[in-house]
Every structure is written in C-alpha cells, then in structure tokens.
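Undergrad: Each protein sequence line maps, in turn, to chains V and G. If you use this note's numbering, the first sequence closes out at 193, no skipped numbers anywhere. If you use this note's numbering, the second sequence closes out at 386, no skipped numbers anywhere. Before I ask anything, let me first share the structure, which is written out below as structure tokens.
There are 2 protein chains.
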Amino acid sequence: MNYPNGIKKENIQEKFKKEINYKNRGMTLESELNSSNEYYREIDKAYIYKKPTPIKIVKVDYPSRDKAVIKEAYFTIPSTTDYNGIYKGKYIDFEAKESKSKTSFTLANIHPHQIKHLENIDRHGGIAFLIIRFTMLNETYLLPEKKLRNFLEKRERKSIPIDYFRNNAYLIKDSYIPTVDYLKIVDQLIGGI
Amino acid sequence: MNYPNGIKKENIQEKFKKEINYKNRGMTLESELNSSNEYYREIDKAYIYKKPTPIKIVKVDYPSRDKAVIKEAYFTIPSTTDYNGIYKGKYIDFEAKESKSKTSFTLANIHPHQIKHLENIDRHGGIAFLIIRFTMLNETYLLPEKKLRNFLEKRERKSIPIDYFRNNAYLIKDSYIPTVDYLKIVDQLIGGI
Chain V
1 MNYPNGIKKE NIQEKFKKEI NYKNRGMTLE SELNSSNEYY REIDKAYIYK
51 KPTPIKIVKV DYPSRDKAVI KEAYFTIPST TDYNGIYKGK YIDFEAKESK
101 SKTSFTLANI HPHQIKHLEN IDRHGGIAFL IIRFTMLNET YLLPEKKLRN
151 FLEKRERKSI PIDYFRNNAY LIKDSYIPTV DYLKIVDQLI GGI
Chain G
194 MNYPNGIKKE NIQEKFKKEI NYKNRGMTLE SELNSSNEYY REIDKAYIYK
244 KPTPIKIVKV DYPSRDKAVI KEAYFTIPST TDYNGIYKGK YIDFEAKESK
294 SKTSFTLANI HPHQIKHLEN IDRHGGIAFL IIRFTMLNET YLLPEKKLRN
344 FLEKRERKSI PIDYFRNNAY LIKDSYIPTV DYLKIVDQLI GGI
C-alpha cells in the first residue's frame, strides 16, 4: 500500500520501529506524542502538531547578514494549548501533562485560560481534551473537555483524583506504533460513544 | 447584547475603536490580523490564533530559582503555517504575507512544506488559504488553497501575477472593526460559492 506522499506503509513502520528501538523506555509523554503525531502525518491519517514554545524576544544579534542569534528572551505563558490540528475534518485541540503523583493530578499544572480555551473549542464544535499520564502508575488518560468541566463545576478541589480519571476518562492503552494511539479514543468521541 | 464572556458588545467595539485610533494607518498585516482575531474571539465568533515563532533554544540561564533567561537561540523554519483555529466547527489554517511588488507575489516567500501543509489540510476537509496583501496597491486577497494549487500545477513561474489574484482570489475589503474581516470570505468558501 502506498500513501499520498509516495512512501510505502512498510517503510514507514520500519522507520518508526527503529526510532523506538533507539530510544529507551523512559520516553516522555511529549516525545511520544510528537512521534505519534509524526506517524499519523506520514500515513496521512491526521495533521496535528505541537505549537512552538511561546517566548518574548528582547535582543537579537546579527553576526552576519543572513544570521540572527537571539541573545535575550523569556518564556511566556501560552495563550492556548500545546497541540492542535485536523482529523477526519474535525478540529482537534488538547493539552498534555505528566503527573508524578500516584493519587491525583494537580490542576495548577493547567493555566485557567487554557481550561477556558478548551471550553471555547468544545462549544464551537471542536474535539477538546486533556491527555494526562500518571508516570508512576504507567497509566495515560484522555479526559474529554466536558468531563473536565463537569469536575470543575461540581468540586472545589485543587486536584483531580486518579479515581475520577478511572471512572470518567478513557485509558489510552500502550501500543507499539504509534506509542500513544490517542486517535482511537477520538474515534469513540466522534462516534458519540 | 451580551457575549458569553459577560462583556457587552458596545464595550468591545469601544475598546477596538480606541485601539485603532491609537495606531497609525501603517499597521502591518500581521498586527491587523492579530487584532481581528482578538475581536473574533471577544465576540465569540471564532478562535483563531497566530502560532508562536519557532525557535531552537541552545542556552538557558537561571539567575534565580523561578526565573529562566534564554541566552542563545535561533529562528527555525516553521513546520506549518502561522495561523490556525476553529470557525463554525471548521478547521481553519492559513499563511499571511505582505508583498511590496505592484505586479506579483514571489512564491519564495512561502516554504514548499507550507504549501504541502495547506494541501494536506484542504484534502482532510479543513479551510486552507493564503492572505496576501499588496501594500503598494492597498489590496488584500484571500487565495483559497485549491486556486493556489491550480496555479502551481499549470505554471512554471516563480511568482503569482497580481492579475491571477484579481481573477481567482477574493478581495478582502477594508473594514473598520475588525480591520481584516476575512471570515466574511470564509463564509463564502463554506457556502461553496
């Protein structure tokens, strides 16, 4: 089978297998998502990218005419989430975080305007969610925006307990290629299950 | 009339009027698009953002525990376009450029993988386009991805003549609030006109 980019499916899988073998098992959620998104793009399934880190540039040097070196810059608070793109004609938008706790996910890890952003996306017909990995438990969940909002509206707590994920989120099962096959869950969300 | 964020429509218009009055008439296309997108968000019409500038960070200093200063970084080639978001449930994706020429737009201003990206988005059901402003002519066009592809497939030229825009693109008429009301054109694209 050939994909629109002219590369054979077998060759793509071979490439990703090698990438996975090179890396140790301690891959971060971010690098696994980047690799999974790259895989989705190569098989022409979805076009979802991580946005660049937002920074404020203060000073730029030009040692030569064509070259620019940023000499002073600061990290700024992102206005939106880290990932967005298109899948099956739908607008996809999510934030991904790792949690070292075995019992809960601390809400302080997500900026309030990012939560508001996800709500806006959901209200306008996009697919919005969080991907949260509990690294000590080796459990990764996709929490749809509506379930997040439901939690926030009913509770005054500063963290979401693991049980809320187990009962209301979707477990993303470990897979080989891609390593985080979250679009399988998005298929269920689109199907309305 | 009140918007979901609780702000009255009149107050939002007042705010944007003031912003426009502060600025001179030489606003760049980028700042006008940012202001228009902000207006669309405030009236809860669309959620479209400019992506941060992609850079490669080489060196970061930590003068104090909470503070990080980037001391060495480089601009990198963007993997996608500058703007994306959601409107009427549709995925929107575009690149915007100014041209100082009175006769044509030089294609070297758009990276080949950005053109490929727009094609991918269109094929997957998103709304993909270029916004090109001819600053000397004070004419701003929205060129749908299909019309761009049509030009590229039929011609071996390195620039798109102004007449191609006049005959195949949509003129975005000057407006007051927002200054670049490109969603009016997107309405036509969605309507299939």
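C-beta atoms are modelled at their ideal positions from N, C-alpha and C, and glycine is treated no differently. In this text, all values refer to a predicted model and were calculated from it rather than measured experimentally.
1) Taking Asn277/G as the query, report the chain V residues whose CB atoms sit under 7 Å from its CB, ordered along the chain.
2) Identify the contact partners of Tyr62/V in chain G, using a Cβ-Cβ distance below 9 Å as the criterion.
3) Relative to chain V, which residues along the segment 237-248 of chain G have a C-beta separation below 8 Å, given in chain order?
4) Pull out every residue of the segment 68-94 of chain V whose Cβ sits closer than 9 Å to any Cβ of chain G, in chain order.
5) So what does Ser64/V bridge to, in DSSP terms?
6) Using a Cβ-Cβ distance cut-off of 8 Å, determine whether Gly318/G contacts chain V.
7) Within the same chain, show all residues whose beta-carbon is closer than 6 Å to that of Lys340/G, passing over the 5 residues directly before and after it, in chain order.
8) Using a Cβ cut-off of 7 Å, pull out every chain G residue sitting near Ile121/V, in sequence order please.
9) Kindly say whether Val379/G, judged by its beta-carbon, lies nearer than 8 Å to any beta-carbon of chain V.
10) Quick check on DSSP: helix, strand or coil for Ile121/V?
11) If you drop the 5 nearest sequence neighbours on each side, which residues of the same chain put their C-beta closer than 6 Å to that of Asn24/V?
12) Does DSSP classify Pro161/V as helix, strand or coil?
13) Smallest Cα separation from Glu32/V: which of Lys71/V, Gly126/V, Ile160/V, Thr140/V?
14) Nearest chain G C-beta to Glu98/V closer than 8 Å, yes or no?
15) Could you have a look at Leu330/G and say whether DSSP puts it in helix, strand or coil?
16) Does the segment 348-366 of chain G come close enough to the segment 297-304 of chain G that 3 or more CB-CB pairs lie under 8 Å?
17) Name, in chain order, the residues that DSSP records as bridge partners for Val58/V.
18) Near Asp93/V, what residues of its chain come up, given a Cβ to Cβ distance below 6 Å and the 5 sequence neighbours on each side ignored?
19) Can at least three beta-carbon pairs, one atom from the segment 286-295 of chain G and one from the segment 245-263 of chain G, be found at a separation below 8 Å?
20) Taking only beta-carbon atoms, is Met194/G less than 8 Å away from chain V?
21) With DSSP as the reference, label Pro337/G as helix, strand or coil.
22) Measure from the alpha carbon of His304/G to the alpha carbon of each residue in Pro245/G, Ile270/G, Glu312/G, Pro337/G, then state which is nearest.
TA: Let me spell this out:
1) Here the neighbours are Asn84.
2) None at all; the shortest Cβ gap to chain G is about 11 Å.
3) Only Asp237, Ala239, Tyr240, Tyr242, Lys244, Pro245, Thr246, Pro247, Ile248 from the segment 237-248 of chain G bring a Cβ to less than 8 Å from some Cβ of chain V.
4) Contact annotation: in the segment 68-94 of chain V, residues whose CB is within less than 9 Å of a CB in chain G are Ala68, Val69, Ile70, Lys71, Glu72, Ala73, Tyr74, Phe75, Thr76, Pro78, Ser79, Thr80, Asn84, Gly85, Ile86, Tyr87, Lys88, Gly89, Lys90, Tyr91, Ile92, Asp93.
5) DSSP lists Lys67/V as partners of Ser64/V.
6) Closer than 8 Å: yes.
7) Taken in chain order, the residues that qualify are Asn361.
8) Near Ile121/V (Cβ distances below 7 Å), the residues of chain G are Tyr240, Ile279.
9) No, because no Cβ of chain V sits closer than 8 Å to the Cβ of Val379/G.
10) Here DSSP, grouped into helix, strand and coil, assigns Ile121/V to helix.
11) Any reading at Asn24/V is ruled out, since the residue's pLDDT is 42, under 50, leaving its predicted position unreliable.
12) Reduced to three states, the DSSP call for Pro161/V is strand.
13) Comparing Cα positions, the closest option is Thr140/V.
14) Output row for Glu98/V: interface = no.
15) Under the three-state reduction of DSSP, Leu330/G is assigned to coil, being neither helix nor strand.
16) Yes: at least three Cβ pairs fall under 8 Å.
17) Beta-bridge annotation (DSSP): Val58/V is not paired with any residue.
18) By the criterion of a C-beta distance shorter than 6 Å, Asp93/V is surrounded in its chain by Thr81, Asn84, Ile121, Gly126, Ala128, once the five residues flanking it on both sides are discounted.
19) Output reads no: the segment 245-263 of chain G does not touch the segment 286-295 of chain G.
20) Below a pLDDT of 50, predicted positions are generally treated as unreliable, and Met194/G, at 46, falls in that range; the measurement from the model is reported next regardless. Taking a beta-carbon distance threshold of 8 Å, Met194/G does not count as an interface residue toward chain V.
21) In this structure, Pro337/G counts as strand in the three-state DSSP scheme.
22) Taking only the C-alpha atoms, the option nearest His304/G is Ile270/G.
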